[in-house]
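These notes concern the structure reproduced below.
Number of protein chains: 2
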Amino acid sequence: MNASNSRRLPVGVFDSGVGGLTVLRELREALPHEDLTYLGDTARLPYGTKSRSSISRYAGQATSKLQERGIKLLVVACNTASAVALDALKEQMRPVPVIGVVEPGATAAVAARPGGRHLVLATEATVRYGAYREAILRRDDQAEVRELACELMVSLAEEGWTEGSIAEAIIRRYLEPLEALDFEPDSIILGCTHFPLLRPAIRRVVAEEAAIVDSASTTASVAAAMLADLELFNERAGPGQLRLMATDGASRFARVGGRFIGEDLDASDIELVDL
Amino acid sequence: MNASNSRRLPVGVFDSGVGGLTVLRELREALPHEDLTYLGDTARLPYGTKSRSSISRYAGQATSKLQERGIKLLVVACNTASAVALDALKEQMRPVPVIGVVEPGATAAVAARPGGRHLVLATEATVRYGAYREAILRRDDQAEVRELACELMVSLAEEGWTEGSIAEAIIRRYLEPLEALDFEPDSIILGCTHFPLLRPAIRRVVAEEAAIVDSASTTASVAAAMLADLELFNERAGPGQLRLMATDGASRFARVGGRFIGEDLDASDIELVDL
Numbered sequence: 116m117n118a119s120n121s122r123r124l125p126v127g128v129f130d131s132g133v134g135g136l137t138v139l140r141e142l143r144e145a146l147p148h149e150d151l152t153y154l155g156d157t158a159r160l161p162y163g164t165k166s167r168s169s170i171s172r173y174a175g176q177a178t179s180k181l182q183e184r185g186i187k188l189l190v191v192a193c194n195t196a197s198a199v200a201l202d203a204l205k206e207q208m209r210p211v212p213v214i215g216v217v218e219p220g221a222t223a224a225v226a227a228r229p230g231g232r233h234l235v236l237a238t239e240a241t242v243r244y245g246a247y248r249e250a251i252l253r254r255d256d257q258a259e260v261r262e263l264a265c266e267l268m269v270s271l272a273e274e275g276w277t278e279g280s281i282a283e284a285i286i287r288r289y290l291e292p293l294e295a296l297d298f299e300p301d302s303i304i305l306g307c308t309h310f311p312l313l314r315p316a317i318r319r320v321v322a323e324e325a326a327i328v329d330s331a332s333t334t335a336s337v338a339a340a341m342l343a344d345l346e347l348f349n350e351r352a353g354p355g356q357l358r359l360m361a362t363d364g365a366s367r368f369a370r371v372g373g374r375f376i377g378e379d380l381d382a383s384d385i386e387l388v389d390l
Numbered sequence: 116m117n118a119s120n121s122r123r124l125p126v127g128v129f130d131s132g133v134g135g136l137t138v139l140r141e142l143r144e145a146l147p148h149e150d151l152t153y154l155g156d157t158a159r160l161p162y163g164t165k166s167r168s169s170i171s172r173y174a175g176q177a178t179s180k181l182q183e184r185g186i187k188l189l190v191v192a193c194n195t196a197s198a199v200a201l202d203a204l205k206e207q208m209r210p211v212p213v214i215g216v217v218e219p220g221a222t223a224a225v226a227a228r229p230g231g232r233h234l235v236l237a238t239e240a241t242v243r244y245g246a247y248r249e250a251i252l253r254r255d256d257q258a259e260v261r262e263l264a265c266e267l268m269v270s271l272a273e274e275g276w277t278e279g280s281i282a283e284a285i286i287r288r289y290l291e292p293l294e295a296l297d298f299e300p301d302s303i304i305l306g307c308t309h310f311p312l313l314r315p316a317i318r319r320v321v322a323e324e325a326a327i328v329d330s331a332s333t334t335a336s337v338a339a340a341m342l343a344d345l346e347l348f349n350e351r352a353g354p355g356q357l358r359l360m361a362t363d364g365a366s367r368f369a370r371v372g373g374r375f376i377g378e379d380l381d382a383s384d385i386e387l388v389d390l
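Those protein sequence lines, which keep their order, are chains A and B. Every letter in the first sequence is one number past the one before it in this note's numbering, and letter 264, counting from 1, is 379. Every letter in the second sequence is one number past the one before it in this note's numbering, and letter 56, counting from 1, is 171.
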């Protein structure tokens, strides 16, 4: 396909569930004229507690579905899939470009606090594969990095209990071990797409001086820059179309996903697909 | 196969993950001479937030795997699968008998508090299909039933945060709406296999007079009675063998599952299977 045909294709966004809608939201802001096609693999979420081989297989299947529909850029909005499977997905999509959320998140953290102590809050799998640590140290060899798996924070965000004493107590409990290590972070990286919903609660628990870094907006900037570089901007003037697909549970996707994208969603607008 | 050959087969136990190990534990107590084969569908857990069709498909595939290996009785240790797919699984396994956990749980609750007000704590899917309500009212038309979806309690149990102020605050928050309804339960049914781990915390939050009903031990008694009825007891004298299978993540299964079965598990003892 030549570039002028490619330009009209949507940007594909893939996540294990609804969390990636926080990234989609930023992409819509940054790229208002682009069509965006989102696929949430809700039939097999969460990825964060699963093994490398399952995550890679699921991510590959989701990517194939978007590839079939035709996209000009793939954004892997899932931190776990970005941490575990990004290289394989790039290989699979070639020559279509692929962006994960880990590298932009690392870039943002290093920019915010050069030579700083970074604390990554993430899922078990993202922590296990140390992708943030590696990406940060590659950019800044003076940096210090610690990673914490915070699975309950995923459920908190899904349940919508994002503010108040329970959310703060859970965040505090996860951060407790840092005191014994005498590790006071200069930046807190929200290394799971669910965690931006908990940002106000995290803000109340951590030191005022600490930056809170969220990869969603940086990922959207990187996506915009990449479309510019490759001359792939859609040139029409009107607003882009949003298409939402899920592998299971349209009504739950709409109910829970609405909190992540920041607007009411209707279950009838969610297309169910099989992978 | 004739009855004497069937007798030597294991009892199959199926769950979406590690929660069913609370049922397995009771089965081992009740049936110490029986071989038990457990399959946890960890690659696709949790079932509790998924749709009827996905839950039915996953449960059918897990059941086929146990059927292939040869079992003389299937215990569906997952409340969600019992609530949503039990009839289909019975059809699939015929003539091998199948027991779910919902009916034994309802029996135990009605026996503990005849004519009582029952509160079912369960997953979203179990609540959505109202299986406990239906099973209780069929046994006792004087009973009153309310059901509450408590997804965060699943994650609490998986994370091992089963005691202390966070667990109690979360339980209290889930029970809050009952006050406005002026519904003071006589029995609390632990309608998810994860919840027995939270029993001490639940005990501290609910009224002293309320019974806490857990279907695991009743399910084990029903299984024992069924093997007796069908003359399917294994007649050897030695202890039964335990075989553990999972669809993903042997090391996580061992680490988290140990808390549910009440003993240390070794990842090398978990057989990974594909469904």
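The beta carbon of each residue, even a glycine, is placed where N, CA and C say it ideally should be.
Should residue i be flagged as near chain A, meaning a C-beta pair shorter than 8 Å?
i, result
"A158 of chain B", "yes"
"S131 of chain B", "no"
"E274 of chain B", "yes"
Report the option in the options whose CA atom is closest to the CA atom of residue i.
i, options, result
"I171 of chain B", "B:P210, B:V138, B:L201 and B:I186", "It is worth fixing the name first, because residue 171 of chain B is Ser in this sequence and not Ile. Ranking the options by Cα distance to S171 of chain B, first place goes to B:L201."
"A352 of chain B", "B:T238, B:H148, B:P311 and B:A177", "B:H148"
"D329 of chain A", "A:A224, A:M341 and A:R358", "A:A224"
"E323 of chain B", "B:M341, B:I303, B:T308 and B:E350", "B:I303"
"S270 of chain B", "B:V126, B:G355, B:V128 and B:V371", "B:V371"
"P219 of chain B", "B:L296, B:A369, B:L380 and B:S332", "B:S332"
"T137 of chain B", "B:E378, B:A382, B:I385 and B:L160", "B:E378"
"V133 of chain B", "B:T222, B:L154, B:P354 and B:D297", "B:L154"
"A192 of chain A", "A:I385, A:F310 and A:Y289", "A:F310"
"E291 of chain B", "B:V320, B:A272, B:E274 and B:K180", "B:V320"
"F375 of chain A", "A:R318, A:A316, A:Y289 and A:E274", "A:E274"
"I214 of chain B", "B:I317, B:P315 and B:V126", "B:V126"
"E259 of chain B", "B:R288, B:H233, B:K187 and B:D297", "B:H233"
"A196 of chain A", "A:P210, A:A221 and A:S169", "A:S169"
"S131 of chain A", "A:G373, A:L380 and A:F368", "A:F368"
"P229 of chain B", "B:T238, B:L252 and B:R209", "B:L252"
"A145 of chain B", "B:G355, B:R318, B:D156 and B:L160", "B:G355"
"I317 of chain B", "B:E350, B:W276 and B:A340", "B:W276"
"S119 of chain B", "B:R140, B:D256, B:A227 and B:K187", "B:K187"
"A227 of chain A", "A:A325, A:L139 and A:E299", "A:A325"
Any C-beta of chain B sitting closer than 8 Å to the C-beta of residue i?
i, result
"E259 of chain A", "no"
"E266 of chain A", "yes"
"L271 of chain A", "yes"
According to DSSP, residue i sits in a beta bridge with which residue or residues?
i, result
"E259 of chain A", "A:R232"
"E386 of chain B", "B:M360"
"V213 of chain B", "B:L189"
"L151 of chain B", "B:V126 and B:L357"
"L305 of chain A", "A:L236 and A:D329"
"A264 of chain A", "A:A237"
Verify whether the separation of the beta carbon atoms of residue i and residue j is less than 8 Å.
i, j, result
"A282 of chain B", "L313 of chain B", "yes"
"Q307 of chain B", "N194 of chain B", "According to the sequence provided, residue 307 of chain B is Cys. The question's Gln does not apply to it. A contact, by the Cβ cut-off of 8 Å."
"F129 of chain B", "T164 of chain B", "no"
"P212 of chain B", "L124 of chain B", "no"
"G245 of chain A", "D301 of chain A", "no"
"F348 of chain A", "L342 of chain A", "yes"
"A158 of chain A", "S280 of chain B", "no"
"A365 of chain B", "L390 of chain B", "no"
"A240 of chain B", "Y162 of chain B", "yes"
"A361 of chain A", "I385 of chain A", "yes"
"V217 of chain B", "A203 of chain B", "no"
"A338 of chain A", "V190 of chain A", "yes"
"M268 of chain B", "L296 of chain B", "no"
"A221 of chain A", "R254 of chain A", "yes"
| When you check each C-beta in the stretch 278–296 of chain B against every C-beta of chain A, which residues fall closer than 8 Å? | Listed by position, the residues of the stretch 278–296 of chain B near chain A (Cβ gap below 8 Å) are S280, I281, A284, I285 and R288.
| field | Short-range partners of chain B found in the stretch 360–387 of chain A, where Cβ spacing is below 9 Å | value | Here the close residues are T362, D363, G364, A365, S366, R367, V371 and L387.
| message | Along the stretch 158–185 of chain A, where does the CB come closer than 7 Å to a CB of chain B? Name the residues. | response | Of all residues in the stretch 158–185 of chain A, those with a C-beta nearer than 7 Å to a C-beta of chain B are A158, R159, T164, K165, S166 and S169, reading in chain order.
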